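Numbering-wise (the numbering used here), the sequence shown opens with residue -19 and increments by one.
All C-beta atoms, glycine included, are put in the ideal place defined by N, C-alpha and C.
Predicted model, so just to flag it, every value in this text is computed and none were measured.
Only one structure is covered here, and it is reproduced in the block below.
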Amino acid sequence: TALDWQRAELVGISISCAPYTAYYIPVGHTEDFGLLVENQLPINDVLTALRPLLTSPTIAKIGQHIKYDAHIFAKYGITLQGTLTDTMLQSYVINASVVRHNMDDLAKHYLGIDTTTFEEVAGKGAKQISFDKVAIDKASQYACEDADITYRLFMVFDDYLQQDPIAKTLLQQLEMPTARILTNMEEAGVLIDQDLLKQLSTRFDGEIDTLEKQAIEIAGTPFKVSSPKQLGEMLFDTLGLSGGKKTKTGQYATSEEALSKIDHPLASTVLEYRGLAKLKSTYTDALIKACDTAGRVHTSYHQALTSTGRLSSSDPNLQNIPIRTDTGRLIREAFIAPQGRVILAADYSQIELRLMAHFSQDPTLIKAFNDGKDIHTATAAELLGKDISEVTAIERRSAKAVNFGLLYGMSMFGLAKQLGVETDVAKDYIKRYFARYGAIGDYMQNTKHDASEYGYVKTLLGRKLYTPNIRAKNHAVREGAERAAINAPLQGSAADIIKLAMIAVDKVLPHDKARLLMQVHDELVFEVDENHAQEIGTLIKHAMQNVLNDTAKAMGFDVTFAVPLVVDVGIGANWEKAH
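Here's what the structure looks like:
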């Protein structure tokens, strides 16, 4: 009855055991006033009959986004067992970029079939009905097609994976185990301090109101600050500021990117106003609404959305909490542990820079990591010809901007803006950087060449990341694809490593004393027994730091990493204090 598994009730089950053949078992179709429709099977009888099949360790199960199906069956006391295969993830490991990985798009791309959409059977917009209100004959056609298409997609993908052993191993050893762990994480949820969030919401209301008044005062005349149209007219018509560009709708562009380029107090005030309003609506208000009866929030993790293999999350989006701002850190304080437990955060240190050292094989960078030096201080010392002890905090900060900026293809103009220096100064920084770290420059050039030559780059585990615009005739589009190609092996390998870490930790974690709650960027967040936190932290750290030597090698990946992986572990009453 719903896409949200927490609210969804089972209406029917469709099954296919061979191509072009499928069956639909209706159990929950209702008429008006919620009365069950006649001529369908009692749900308890059906689940009792199917339980041996679904829980059999010897019978394989295939599903499209099977994590959702696992959640639904779990609500009815059934744990899916046996070899599980997800056609969505099969498609994802074959080519993450060629098509979106929902069933309709996969059927069109790989089978040449236009499937029946949900809107065709349930209606659109305000008139859309839930699936339990769809007539059984109509529902049968729709549901049987889903099961049949899933089976046929499986056969197409399985044939392909037989020819690509690396992609097959990524699916079976990495993605499917990760999906199982994510299912458990989503079901566990994380405890939220609702009182703190209510206080923050009230506080943000006051600050938003103050910023709104400030914006009107700066403008010198009343206008609706939340209206992009009125803001654009105020900035570029009334105040006469330069740089205004109109969109196709005839309005001035007032996005965050557009406002950040405007040197005027009204623009900076509105950016601050929007930032707080977004934090309030996206987190402080939304998290309270999302809490279940036990006060826990259950995010949804997505494995097949990003082109690099990175996980993303929604409802709430945990990846976007701004951790570098004071207000963002306040929101992290609301993620708490129940009595007798604490939050434990384990974070890979500078993972993408370590990956750059490995991929480029730059001797200076490798030596700095192997000697355990602070990499940004070491970079500053290299660039400035100083001893590490002489590097100032400002010089370290500049070196950090260069280190991370170049990972993401930042230009000298972008670096100049970030450092607050002239373009010539930034250009000199970059020139000196590549003079000292020549192998990194070589890596960037070689990666661009390989991406153009083969149409893809590879991660540490051999995952192919396709670069569809790498030969584009449009200069700007091609340059964007080249920047993405340089960064893709780093981000993609970091994604592979965090999934390896989840699998490694799951094997050693004492599940009666600890559970994994969240994965955010390069960090894993746990809820652990207070009395065992230190020893569990040591277990987790060891497992995460040795994933390439232990877990990856056990899967058949032969990776000799150039520098050590380092994990920082913190423990606290809430997520912020665990840092």
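- prompt: Ends of the beta strand (DSSP E) at R321?
  reply: Looking up residue 321 in the sequence shown gives position 341. Where R321 is concerned, the enclosing beta strand (DSSP E) starts and stops at 321 to 328.
field: Neighbourhood of A247 by C-beta distance below 6 Å, restricted to the same chain and skipping five residues each side
entry: The sequence position of residue 247 within the sequence shown is 267, counting from 1. So the list reads L239, once near-sequence residues are dropped.
task: Would you kindly check if the distance between the Cβ of I268 and the Cβ of L176 is under 7 Å?
output: Here the question's residue 176 lines up with position 196 in the sequence shown. Here the question's residue 268 lines up with position 288 in the sequence shown. No, Cβ-Cβ distance for L176 and I268 is not below 7 Å.
field: N554 vs I316 beta-carbon contact at 7 Å
entry: In the sequence shown, counting from the first residue as 1, residue 554 sits at position 574. In the sequence shown, counting from the first residue as 1, residue 316 sits at position 336. Cβ atoms of N554 and I316: closer than 7 Å.
- prompt: From N426 to N164, what distance separates their C-alpha atoms?
  reply: Mapped onto the sequence shown, residue 426 falls at position 446. Mapped onto the sequence shown, residue 164 falls at position 184. Rounded to the nearest angstrom, the two C-alpha atoms are 41 Å apart.
- prompt: When the distance is taken between beta carbons, is H51 closer than 7 Å to M68?
  reply: As a first step, residue 68 is located in the sequence shown; it is residue number 88 there, counting from the start. As a first step, residue 51 is located in the sequence shown; it is residue number 71 there, counting from the start. If you check the CB distance, M68 and H51 do not come in under 7 Å.
field: Spatial distance of M524 from A325 (CA atoms)
entry: Locating residue 524 in the sequence shown gives position 544, where the first residue counts as 1. Locating residue 325 in the sequence shown gives position 345, where the first residue counts as 1. Approximately 12 Å between the Cα atoms of the pair.
- request: Give me the Cα-Cα distance between G255 and P208, rounded to the nearest whole angstrom.
  value: As a position in the sequence shown, residue 255 is number 275, starting the count at 1. As a position in the sequence shown, residue 208 is number 228, starting the count at 1. Between G255 and P208, the C-alpha separation is close to 14 Å.
task: Compare the Cα-Cα distances from L335 to each of I478, V101, L151 and report the closest residue.
output: Position 355 of the sequence shown, counting from 1, holds the residue named residue 335. Looking at the Cα atoms, I478 is the closest of the given residues.
query: If we call anything under 7 Å between Cβ atoms a contact, is M83 one with Q44?
result: Residue 83 sits at position 103 when you count from the first residue of the sequence shown. Residue 44 sits at position 64 when you count from the first residue of the sequence shown. Yes.
- prompt: Just curious, the beta strand (DSSP E) that V500 is in, first and last residue?
  reply: One-based indexing of the sequence shown puts residue 500 at position 520. Counting along the chain, the beta strand (DSSP E) containing V500 begins and ends at 494 to 500.
message: Whole angstroms are fine: how far does the CA of K47 sit from the CA of L64?
response: By 1-based counting over the sequence shown, the position of residue 64 is 84. By 1-based counting over the sequence shown, the position of residue 47 is 67. C-alpha separation (whole angstroms): 10 Å.
task: Just list the beta strand (DSSP E) runs in the stretch 169 to 204, keeping only unbroken ones of 3 residues or longer that don't cross its boundaries, in chain order.
output: 170 to 172
message: Pull the bridge partners of I466 from the DSSP assignment, please.
response: In the sequence shown, the residue the question calls residue 466 occupies position 486. DSSP output for I466 lists no bridge partner at all.
query: Is the stretch 183 to 203 touching the stretch 288 to 297 in the sense that three or more CB pairs, one from each, lie closer than 8 Å?
result: no
field: Whole-Å CB distance - K444 paired with Y436, under 8 Å assumed
entry: For the purposes of this step, residue 444 is taken as the residue at position 464 of the sequence shown. For the purposes of this step, residue 436 is taken as the residue at position 456 of the sequence shown. With a Cβ gap of about 5 Å, K444 and Y436 count as contacting.
Meets three-Cβ-pair contact criterion under 8 Å: the stretch 134 to 154 and the stretch 215 to 231: no
- prompt: Just to confirm, are T403 and M390 a CB contact at a threshold of 7 Å?
  reply: Within the sequence shown, numbered from 1, the residue matching residue 403 stands at position 423. Within the sequence shown, numbered from 1, the residue matching residue 390 stands at position 410. No, the Cβ-Cβ distance between T403 and M390 is not below 7 Å.
Other residues of its chain near E375: CB distance less than 6 Å, five sequence neighbours each side excluded: Working through the sequence shown from its first residue, we reach residue 375 at position 395. Within the same chain, E375 has close Cβ partners A360.
query: Around the C-beta of Q341, are 16 or more other C-beta atoms found within 10 angstroms, so that it is buried, or is it exposed?
result: Locating residue 341 in the sequence shown gives position 361, counting from the first residue. So Q341 counts as exposed.
Candidates E11, T59, F13, K55, of which the one nearest S33 by Cα: As a position in the sequence shown, residue 33 is number 53, starting the count at 1. A quick correction: the sequence has Leu, not Ser, at residue 33. Of the listed residues, the one whose Cα sits closest to L33 is T59.
field: DSSP-derived helix/strand/coil call for C(-3)
entry: Along the sequence shown, one-based indexing puts residue -3 at 17. Looking at C(-3) - three-state DSSP - the assignment turns out to be strand.
Nearest-angstrom beta carbon gap, S77 and P469 [assumed within contact, 8 Å]: Reading the sequence shown from its first residue, position 489 is the one you call residue 469. Reading the sequence shown from its first residue, position 97 is the one you call residue 77. Between S77 and P469 the Cβ distance is about 14 Å, and since that is not below 8 Å, they are no contact.
message: If distances are taken between C-alpha atoms only, which option among F506, T288, L211, V546 comes closest to S473?
response: Along the sequence shown, one-based indexing puts residue 473 at 493. Per the Cα distances, T288.
Of the residues G421, D408, S329, the one placed nearest L364, counting alpha carbons only: If you number the sequence shown from 1, residue 364 lands on position 384. For the set G421, D408, S329, the Cα lying nearest the Cα of L364 is the one of D408.
query: If you run the structure through DSSP and keep just helix, strand and coil, what is K55?
result: The sequence position of residue 55 within the sequence shown is 75, counting from 1. In this structure, K55 counts as helix in the three-state DSSP scheme.
- prompt: For I(-5) versus V7, is the C-beta spacing smaller than 7 Å?
  reply: As a first step, residue -5 must be located in the sequence shown, where it is residue number 15. As a first step, residue 7 must be located in the sequence shown, where it is residue number 27. No; because the gap between Cβ atoms is not below 7 Å, this pair is not in contact.
- request: Using 10 angstroms around the beta-carbon of T305, count the other beta-carbons present and answer buried if the total reaches 16, otherwise exposed.
  value: Position 325 of the sequence shown, counted from the start, is the residue given in the question as residue 305. Taking all protein chains shown into account, T305 has fewer than 16 neighbouring C-beta atoms within 10 Å of its C-beta and is therefore exposed.
message: Can you list, in chain order, the residues of its chain with a C-beta nearer than 6 Å to that of A40? Leave out the 5 residues immediately preceding and following it.
response: On the sequence shown, residue 40 is found 60 positions in, with the first residue counted as 1. Taken in chain order, the residues that qualify are G62, T63.
message: Measuring only the C-alpha atoms, how far is A484 from D243?
response: In the sequence shown, the residue the question calls residue 484 occupies position 504. In the sequence shown, the residue the question calls residue 243 occupies position 263. Going by the C-alpha atoms only, they are around 49 Å apart.
query: Thinking C-alpha only, which one of A168, L171, E213 is nearest A233?
result: The sequence position of residue 233 within the sequence shown is 253, counting from 1. Checking every option, the nearest Cα to that of A233 belongs to E213.
task: Check F339 in the structure and name its three-state DSSP category.
output: Sequence index remark: in the sequence shown, residue 339 carries index 359 (1-based). Of the three classes helix, strand and coil, the one that applies to F339 here is helix, per DSSP.
field: Every unbroken beta strand (DSSP E) inside the stretch 228 to 301 [3 residues or more]
entry: Runs of beta strand (DSSP E) with 3 or more residues, each lying fully within the stretch 228 to 301, are found at 280 to 282, 292 to 294, listed in chain order.
field: Bridge-paired residues (DSSP) for G550
entry: For this step, residue 550 is matched to residue 570 along the sequence shown. G550 pairs with A325.
- prompt: So does the stretch 367 to 385 actually touch the stretch 408 to 418, counting three or more Cβ pairs closer than 8 Å?
  reply: yes
query: Short check: CB of D502 to CB of Y328, under 7 Å?
result: What you label residue 502 is simply residue 522 of the sequence shown in a count that begins at 1. What you label residue 328 is simply residue 348 of the sequence shown in a count that begins at 1. Taking 7 Å as the Cβ cut-off, D502 and Y328 qualify as a contacting pair.
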